Amino acid sequence: MTLSVQDLRVYYRTLRGEVKALDGVSFELADGEILGLAGESGCGKTTLGKSLIRMDGRMKHVGGRVELDGEELPIGDTVKMNPFRFTEVSIIPQYSMSAMNPTRKIGRMVRELLDSRGVTVDTEELHRRLDLVELDRDVLKRYPMELSGGMKQRMVMVISTLLNPSLLIADEITSALDVSTQKAVVTTLKGFRDLGFVKSMIFITHDISLTNQLADTIMVMYAGKLAEKAPSDAVVNRPRHPYTQLLISSLPEVGVRYADKKLTGIPGNPPSLLDPPVGCRFQDRCPLAFDKCREEPPVVEVEKDHYVACWKA
Amino acid sequence: MLKLQGVSKVFKVGTFGGRTATAVDEVSFEIGRGEVVSLIGESGSGKSTIGKMVLRLIPATAGSITFDGADITKLNRREYYRKVQGVFQDPFSSYNPIFKADRIFSMIKEVYFPGESAQAWREKVAAALQDVRLDPAAVLNKFPHQLSGGQLQRLLIARALLLDIGFLVADEITSMLDASTRIDVLNLLADLKQRGLGVLFITHDLALGNYISERTVVLYQGRIVEYGPTEKVFEAPEHAYTRKLLASVPQLHRKWEGV
């Protein structure tokens, strides 16, 4: 078991009160597993990724316990997290196009970064990995601005995984890319896992079709809570939570004729996380909602490895 | 209704404009009444540049764009925008955050309908909101930050409808929206199409183009590589680039080969 997350809660402080971005999420991640984290804007998927590496100062850690390889991660303490960041837990951020220091040549930046962790650069290994993502070795002598978006993305992927972290978090890294580049990035990530550069991975995206190409397991979140978690194939083909079902049926596909068929969206908007409703958070938009939904639905294993938080599932 | 013939756009680049970059290269296609044509391409393919030229935000370098037979550059601007309007990618930056969102309607009234009585105008706005399936009480008199991206995007479409437009340029209008609301905006376009609106639907998302359009134009580096009925382009693509593009689309029920 690489990662074990128990009842993780993360609240943000704002002027209007506390935003309960993540409100009691538990899950486990096995060795070599790629978990796809899917959901709409504001469901807490980015917060979940960032909290595991503690990247955001506004985050007020409230509760929960996170274990990585049997050791507790001090995600509540910015300073204590330092020895884990980059070496044990690493992230490819959403903004990786601008994640590199623009005033340093890339080679020097990598060297400085590794120095700060007390590690010397293994140039041979670095070159090997550049070859793997099909980047010219000369990029190390260039400035980030000399690289195209796709090249910067690949460079950041190499840097983030250079110390073979146990857990890699990839946050919406494909959303600014063209479809053909997306495919290359996903192939590379899978390669990193297969070659053992990273033990396990959390791949965050709003695009379920894309997650399905990469992830072993998909976890769907809604308004700061887990809605459904199951092997990718089960989430896509046999979803049990009404939210997942509606979400998947609202996705248009290539290769289907829509001449007189119409897809439908989900009416309404997600609830405010300043003051979320009591009970199931999807109840106001759910066609199946009934009285019981005013109580919080527990996460239940309905089939092997298929977890759903819904009274009707 | 809208016809592009050999339209090109060449930008001057470099310090003194010494070099040139061809963004759009001799593009010709046509969009009829009640028809949605999707313009598909990756970043830098020139798809947004075409939209901007149709909206007269930038001039074409060569070729002609005609609307109902008249060269659009010769038409009176105000009259042209009464018939042709655009909606863009980012609904949040389309509004001035310090004013209420419904100011976009009063600005239309000031310019195009100064003589209309307040009562008649209110009814007209209510009808336009009805058309985009928004509840007036939920969206009027609100600031942009109080509304969702989907609501803001639909308000912009309602604004365009107030002008009895015949043609809409929709440039990536759903790419900032969530999956659950995206499809509603697309269905709205499909309804408007039934009423005779012509739409140039610019997108990088092939699945959306496949869902909404009758015909599809595939652009690559400013040139049209494939153009035809949507089923044909998607089911029997002839150009290698289209085939490559289709093979890279992540599909829900099918996994990529060799990944």
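Protein sequence lines, in the order shown, are assigned to chains R and G.
Residue numbering for the first sequence follows the working numbering, starting at 1 and increasing by one per position.
Residue numbering for the second sequence follows the working numbering, starting at 314 and increasing by one per position.
We put the CB at the ideal spot given by N, CA and C, even for glycine.
Since we're looking at a predicted model, the values are computed, not measured.
Residue range of the beta strand (DSSP E) that includes residue i
i	result
A170 (chain R)	167-171
Q6 (chain R)	3-14
S377 (chain G)	375-380
T529 (chain G)	528-533
S351 (chain G)	349-353
V400 (chain G)	397-400
G345 (chain G)	Careful: G345 (chain G) lies outside any beta strand (DSSP E) and carries neither H nor E.
F635 (chain G)	The structure shown does not extend to residue 635 (chain G), since chain G spans only 314 to 572, so no value can be given for it.
G522 (chain G)	Run containing G522 (chain G): none in the beta strand (DSSP E); it sits in the alpha helix (DSSP H), 519-525.
K20 (chain R)	17-29
Residues that residue i contacts on chain R, provided the C-beta gap is smaller than 8 Å
i	result
P457 (chain G)	Within 8 Å Cβ-Cβ: nothing; P457 (chain G) doesn't reach chain R, min ~15 Å.
E343 (chain G)	Those do not exist, as E343 (chain G) stays about 21 Å from chain R at its closest Cβ, beyond 8 Å.
E355 (chain G)	D178, V179, S180
F547 (chain G)	V254, G255
Endpoints, the alpha helix (DSSP H) within which residue i is located
i	result
A440 (chain G)	431-444
H458 (chain G)	Looking at the DSSP string, H458 (chain G) is not in any alpha helix (DSSP H), and its letter there is neither H nor E.
A223 (chain R)	Looking at the DSSP string, A223 (chain R) is not in any alpha helix (DSSP H), and its letter there is neither H nor E.
H241 (chain R)	Here H241 (chain R) belongs to no alpha helix (DSSP H), and DSSP marks it neither H nor E.
Q507 (chain G)	492-507
Y554 (chain G)	553-561
D77 (chain R)	Element bounds for D77 (chain R): n/a, residue is neither H nor E.
Y425 (chain G)	416-425
S51 (chain R)	45-51
Contacts that residue i makes with chain R (C-beta to C-beta distance below 7 Å)
i	result
V633 (chain G)	Because chain G in this structure spans residues 314 to 572, residue 633 (chain G) falls outside the shown range and cannot be described.
L559 (chain G)	V254
Cross-chain neighbours of residue i in chain G, by beta carbon under 8 Å
i	result
I248 (chain R)	L565
R257 (chain R)	E544
Short Cβ contact (8 Å threshold) for residue i with residue j
i	j	result
S351 (chain G)	T516 (chain G)	yes
L163 (chain R)	V119 (chain R)	yes
L73 (chain R)	V66 (chain R)	yes
L130 (chain R)	V139 (chain R)	yes
L468 (chain G)	I385 (chain G)	no
L8 (chain R)	L29 (chain R)	no
D338 (chain G)	G535 (chain G)	yes
Q564 (chain G)	L476 (chain G)	no
V156 (chain R)	M100 (chain R)	yes
I91 (chain R)	S26 (chain R)	no
S493 (chain G)	L246 (chain R)	yes
L521 (chain G)	T487 (chain G)	yes
V89 (chain R)	P165 (chain R)	yes
P449 (chain G)	A439 (chain G)	yes
V299 (chain R)	A313 (chain R)	no
S358 (chain G)	Y533 (chain G)	yes
K60 (chain R)	Y95 (chain R)	no
Contacts around residue i, its chain only, beta-carbon distance under 6 Å, and the 5 residues preceding and following it disregarded
i	result
I208 (chain R)	A38
K361 (chain R)	Outside the shown range of chain R, which is 1 to 313, sits residue 361 (chain R), and nothing can be said about it.
E228 (chain R)	V220, H241, T244, V308
A170 (chain R)	I92, F203
A471 (chain G)	A441, L442, V445
Beta-carbon neighbours of residue i, restricted to chain G and to distances below 9 Å
i	result
H206 (chain R)	D491, A492
T264 (chain R)	I496, D497, N500
V236 (chain R)	L565, H566
Cβ neighbours of residue i in the same chain (closer than 8 Å, five flanking residues each side left out)
i	result
R16 (chain R)	L274
S232 (chain R)	G36, T211, N212, A215, D216, T217, I218
V320 (chain G)	V337, E339, V340, S341, I363, M366, A373, A375, G376, S377, I378
R391 (chain G)	V424, Y425
D136 (chain R)	L130
H354 (chain G)	Reading off the sequence, residue 354 (chain G) comes out as Gly, not His. Once the five neighbours on either side are set aside, the close Cβ partners of G354 (chain G) are K360, H517, V531, L532, Y533.
R395 (chain G)	Y425, L476, D477, I478
Nonlocal neighbours in the same chain, by C-beta distance under 7 Å from residue i, ignoring five residues either side
i	result
T555 (chain G)	V531, V538, E539, V546
G150 (chain R)	L177, T181
R285 (chain R)	I266, P267, G268
G70 (chain R)	none
D497 (chain G)	G463
D305 (chain R)	A230, P231
M489 (chain G)	Q402, D403, P404, G462
A473 (chain G)	Q398, V400, L481
Chain G residues whose Cβ lies nearer than 7 Å to that of residue i
i	result
Q153 (chain R)	Here the premise fails: no neighbours, minimum Cβ distance about 13 Å.
T187 (chain R)	V572
L251 (chain R)	A492, L565
S209 (chain R)	P563, Q564, L565
Heavy atom of the ligand NAP within 7 Å of residue i beta-carbon
i	result
T543 (chain G)	Within the structure as shown, the ligand NAP is missing, as the structure has no ligands at all.
Query raised in the report: Using 8 Å as the threshold, is the segment 344-354 of chain G in touch with the segment 528-541 of chain G, meaning 3 or more CB pairs across them?
Result: Flag = yes, the segment 344-354 of chain G and the segment 528-541 of chain G touch.
Report task. Take every Cβ of the segment 257-269 of chain R, pair it with every Cβ of the segment 215-233 of chain R, and state whether three or more of those distances are shorter than 8 Å. Result -> Segment contact: the segment 257-269 of chain R against the segment 215-233 of chain R, fewer than three CB-CB distances shorter than 8 Å; contact not assigned.
Query raised in the report: Is the segment 318-330 of chain G touching the segment 238-256 of chain R, taking contact as three or more C-beta pairs under 8 Å?
Result: The segment 318-330 of chain G, when compared against the segment 238-256 of chain R, does not touch it at the 8 Å Cβ threshold.
Query raised in the report: Hey, is the segment 74-91 of chain R in contact with the segment 52-61 of chain R, meaning 3+ C-beta pairs nearer than 8 Å?
Result: Because the criterion of three Cβ pairs below 8 Å is met, the segment 74-91 of chain R and the segment 52-61 of chain R touch.
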